[in-house]
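Chemist:
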Amino acid sequence: MMNKIFKKASVLAAVMTVAALMLSGTRTVQAEEIRIGFLAPLTGIFAQIGKDMRNGFQMYLDEQNGNLAGAQIKFIVEDGQGKPPVNVRKAQKLIRQDNVHMFIGGLLASTGYALAPVSTRSKVLYIASIPAADDLTQRQKQKFPYVVRTGWNSSQSTHPFGNWACDQGYKRIVTVGADYAFGHEVIGGFQKAFENCGGKIVQKLWPKLGTQDFGPFLPLIKKDADAVFTLMVGPMSLAFPKQYKAAGMKAPLLGGGTSADEFALPFMGDEAIGYVTALQYSAAIDTPKNMEFVKNYRSKYGKVPSYYSESNYTTVQFIHEVLKKTDGKWPGLEEFVKIVGTIQLDTVRGPVSLDDDMNPVQNIYIRQVTKKKNFGYPDEELWNNVVKTYPGVSQYWNFGKETFLKQPVYSRSYPPCDHCE
Amino acid sequence: MALKDRKKILTVMIVMALVGLFTPFANDFIRLLITQTLVLGILALSVDLLLGFTGLASLGQAAYLGMGAYLTAILVDRFQFGLGCDLSLILLMGIAIGAAGAAFFGLFAIRATGVYFLIITLALGMVVWGLANRWNSLTGGDNGINVMMRPNCGVDFSNDINFFLLVYIFFCLSLTAMYVLVNSPFGRTLVGIRESETRMRMLGYNTWLHKYLAFVIAGGFGGLAGVFWTHLNGIVSPEDVLLPISVDALLMVVLGGAGTLVGGPIGAAVVVFIREYLSTLVEWWQYILGGVYVLTILFLPDGLMGLMALVKTWRTDRSEKEGAEASSGQVR
C-alpha cells in the first residue's frame, strides 16, 4: 500500500518537474525567431559539396546554440540538386511555406543567376554564399537590390593570379575550363590580368561541366606551353590531375580555386603536388583562428573544411554581426542590407568587408599543394600551402570600377583569344 | 452518350470545380504546386493523346514545352513583349511554335513505331536541348533566361491567385478540347490505329496523316504548357527541356492511366506533390516516388484510374463468392 502511494507521488513529482521545465522553456523562447532557408545540392554529383556547405553553416549555429545575439535561428535546408530550376522552386517553397527572412546558398554560378531574380520578385534577402557569378554584383547589380554576397565572385581571385603568373616568368599558357558561366568568368579574369602584364593565352579548351574523361582533351594541349591553367569543379577536380600526369604531361599546373580545393584535396594523390591555385581561403592559412576552425571542423565532421564550409561559416558570422547591432531583432530587408554593408569582419579567411555592390573585399591567397604535416596532425597530408597573399582584393582588382564595367562580362568569347594559335 | 459517360463527366466537373474553389484559399505554397500540377497536366494531356489514344510513346515531349517556354522568355527578355495584354498573342504563338516544331519533327518521327518512335523522339528532344544549351547568344546557354516579372493585363498575374486562375481556365479549356477531340471521328480513328494500324489502312484511312496530325496537336498543347512554365518559374533553363521532363510526362500518364485523359493530370498531381512537397519533409522521397512507379506498373497496369475499376470488380467478385458460399452452405 505504502509502495503504491510512493509510486504515485513520484509519478506526480516527475510530471510536475517536466511541466515546470516546459514552462521555463517556453519563457526563454520569447526571443525573436529568424527563419533562414538554405539551398544546397544534397543529391546528384555535387552532393558532397552540398554537405560541406551545410556543415559549415551548421557548425557556427551549433557553436552559438542556435542563438545569434538573442535571436532564435530556425535553419531550414532544402535540396536544390545542383539544378537552377529546382533551386528556384525550392526557394519559392522556402518563401511561401516557411516564410523565411532570407535564403542562402546555391552552388553553381547559373544557380546564382537564377536565384537572384527570385529575391527581387519576392522581396526576400538572398545571400550568395557560394555562387560566384560576376554580374550579380557587377553589371546587373541594380536589378538585384536584395542580393548580398559573402563568398566571392568568379574573376576576383584570378585577377591577382594573372599578375602572379607573370611574376613567375610564364609567357605562354593554355587554359582548360568547365564550359559554363563560372568557368568562363574565372578563366576570363585570368586571361585579362595575365595578358595585361605581357603574358599570352595560346589555347582555350572547354570540356563540358561534369566531364570525367579528359582523354579527348589532353592530346590537344600544346606541348610548348609554359603552364596549363585549369578550372575544374566537383568530381572534375579529382579526375584531371590524375589523367594529366598519367598522360606524361610536364608543364606545371595552375588553376582556379576549385581545381584543388580542400573538397577534393584529401582524395587526391601525389599527382596534385605542386598544383598552384588562387582563392580567398585555404585550410592551411597559418592563423590561430583558422587553426581552431580547421581542428573543430575536422573533429566534428571527419574531414578538413573546404572553402564551401568556410564561406557558409563566415556567412553566419555576418548575420550574427548584423543581429548584434540590432539586439537580435530582424531589422527589415532594406535595413539589413544597409547594415551588412558597413560591417568589417575578422573572419577565418582573414579580414572581410563588403564593397558598395555587396561583394566582399578580402585577401586572395596563392596556394601551392604541398605534402606536409600541419597543425599538429600526425600524418603527412596534402595542404594548400599559402605562397603569396594579396590583401584587400576587390572585384575590380586594379582596373578601376568604371573602366572595368565598360567591358562585357567574361564569356566563352570574351576576352577574345587574340594569341590563340 | 452513354449514362456511364455522363456520370464520369459530372465527376470530373465536380472535382475541377472543387479545385477551382479551394485553391485560391489554399496556403501559398500549395497553390503554387497546384498551378504547377495544372501546367504539367496540360503537358500530360498531350502525351496521353499520343500514348493513350494513338499508341505512340513519345520521349521528347519536353522539347515542345521548351519551345513554348524559350519563345516566351526570349520575347520578354529581348523585346519586353508579352508582359501586358499581348500575353494572349504569346499564348497563341506558344501553341503555334509547339505545333510547328512537332510538324517538322513529325516528318521524321511518324515513320517509326514502337521502340523506334521512342528513340527518334528522344533524339529530337535532345536536339532541342542541345540548341538551348549551346546557342548562348539566343538562349543564354547554361544560365537560361530569367523573366523578372509575370504579365499584367488589367489583372496582375504576379499575384499567384490570378496566375492560378489563368492556368486553371486554360487547363479546363485544354481538357474539354481534348475530350471533344478524342470523341470525334478523328479521335475514334486514332483509337482504331492504336488497336490495329494495318486494319485501318486496309479500310482506306490515311493512318500516317492521322498520326501526324495527332503529333502536331500534341506539340501545340506542349507549347501552351511551355508558356505557363516560364511564367510559373520565372526562369527557363536547359534543365527544363532535358530528358527527365519528357520521362516525367510519360510516367505521369502511365501512373494516372493512359487513354483516360484525366489520368495524366492525376499522375501529374501525384508526382508534383511527392517531388515538391514530400521532398521538403523527408530526404528519402525518391524511394517513395520510385516505389509508387514500380507498384503501379506491377499491380495497376491501367494506372491509378484503373484502381477504381479494380475495386469494382473486386467487390462484385466478393459478393458473388459470398453468394456462392451461401448457396453451397444451403446445399450442405
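Those protein sequences? They're chains D and A, same order as listed.
Quick note, in my numbering, the first sequence goes up one by one and the last residue is 424.
Quick note, in my numbering, the second sequence goes up one by one and the last residue is 532.
Every residue, glycine too, gets a C-beta built ideally from N, C-alpha and C.
Computed from a prediction, not measured in an experiment: that's the story for all the values here.
Excluding the 5 residues flanking Ile342/D on each side, which residues of the same chain have their C-beta closer than 8 Å to its C-beta?
Modeler: Val325, Lys328, Thr329 and Pro334
Chemist: Given a cut-off of 8 Å on the beta-carbon distance, is the pair Ala244/A and Ala449/A in contact?
Modeler: Contact: yes.
Chemist: Are at least three pairs of beta-carbons, each pair with one atom in the stretch 442-456 of chain A and one in the stretch 364-382 of chain A, less than 8 Å apart?
Modeler: no
Chemist: Against chain A, does Val151/D count as a neighbour if the rule is that its beta carbon must be under 8 Å from one of theirs?
Modeler: no
Chemist: Which complete beta strand (DSSP E) runs does the stretch 107-169 of chain D hold, if anything under 3 residues is left out?
Modeler: 128-131 and 150-152
Chemist: Can you pull out the residues from the stretch 87-101 of chain D whose beta carbon lies closer than 7 Å to at least one beta carbon of chain A?
Modeler: Pro87, Pro88, Val91, Arg92, Gln95, Lys96, Arg99 and Gln100
Chemist: Nearest to Ala131/D by alpha carbon, out of Lys404/D, Met271/D and Leu139/D?
Modeler: Leu139/D
Chemist: List the residues of chain A that Ser475/D touches, going by C-beta distances under 8 Å, in chain order.
Modeler: Outside the shown range of chain D, which is 4 to 424, sits residue 475/D, and nothing can be said about it.
Chemist: For the structure I just gave you, are there three or more beta carbon pairs, one from the stretch 73-91 of chain D and one from the stretch 109-121 of chain D, closer than 8 Å?
Modeler: yes
Chemist: Taking the continuous alpha helix (DSSP H) assigned at Phe49/D, which residues delimit it?
Modeler: Element bounds for Phe49/D: n/a, residue is neither H nor E.
Chemist: Suppose contacts are defined by Cβ-Cβ distances below 8 Å. Is Val372/D in contact with Tyr278/D by that definition?
Modeler: Yes; because the gap between Cβ atoms is below 8 Å, this pair is in contact.
Chemist: Using beta-carbon positions only, say whether Gly40/D and Ile107/D come within less than 8 Å of one another.
Modeler: yes
Chemist: Just the Cα atoms here: how many angstroms apart are Cys169/D and Asp229/D?
Modeler: Whole-angstrom Cα-Cα distance: 11 Å.
Chemist: Taking only three categories from DSSP, how would you classify Leu24/D?
Modeler: Residue placement at Leu24/D is flagged as unreliable, the pLDDT there being 45, under the threshold of 50; a coordinate-derived value is accordingly withheld.
Chemist: List the residues of chain A whose Cβ lies closer than 9 Å to the Cβ of Arg142/D, in chain order.
Modeler: Near Arg142/D there are no residues of chain A at all, since even the closest Cβ is about 14 Å away, more than 9 Å.
Chemist: What is the rounded straight-line gap between the Cα of Val367/A and the Cα of Arg518/A?
Modeler: 43 Å
Chemist: Nearest chain A C-beta to Glu81/D closer than 8 Å, yes or no?
Modeler: yes
Chemist: Please list, in chain order, the chain C residues whose beta carbon lies closer than 8 Å to that of Val121/D.
Modeler: Note that chain C does not occur in the displayed structure, where the protein chains are D and A.
Chemist: When the Cα atoms are used, what is the spatial distance from Asn343/A to Gly115/D?
Modeler: Using only the alpha carbons, I get a separation of about 9 Å.
Chemist: So is Gln398/D buried or exposed if we call it buried at 16+ other beta carbons inside 10 Å?
Modeler: buried
Chemist: Run through DSSP, which three-state label would Cys200/D get?
Modeler: coil
Chemist: For Arg532/A, which residues of its own chain have a beta-carbon under 7 Å away from its beta-carbon, when the five flanking residues on both sides are left out?
Modeler: In this prediction, Arg532/A scores a pLDDT of 46, lower than 50, which makes its location untrustworthy; no coordinate-derived value is stated.
Chemist: Roughly how many angstroms lie between the CA atoms of Gly491/A and Ile497/A, to the nearest whole one?
Modeler: 10 Å
Chemist: Between Arg99/D and Leu232/A, is the Cβ-Cβ spacing less than 8 Å?
Modeler: yes
Chemist: CB of Pro465/A to nearest heavy atom of the ligand HEM: below 7 Å?
Modeler: Only the bare structure without any ligand can be found here, which leaves the ligand HEM out of the picture.
Chemist: Compare the beta carbon distance of Asn156/D and Cys200/D with 8 Å and say whether it is the shorter of the two.
Modeler: no
Chemist: Hey, is the stretch 319-331 of chain A in contact with the stretch 286-298 of chain A, meaning 3+ C-beta pairs nearer than 8 Å?
Modeler: no
Chemist: Mind the definition here: the stretch 494-513 of chain A touches the stretch 452-468 of chain A only if three or more C-beta pairs lie below 8 Å; say whether that holds.
Modeler: Yes, the stretch 494-513 of chain A touches the stretch 452-468 of chain A.
Chemist: Rounded C-beta distance between Tyr387/D and Arg370/D? I'm assuming under 8 Å.
Modeler: Checking the sequence, you will find Asn at residue 387/D rather than Tyr. Sure, about 4 Å apart at Cβ, within 8 Å.
Chemist: Kindly indicate the opening and closing residues of the alpha helix (DSSP H) around Leu455/A.
Modeler: Leu443 to Gly456
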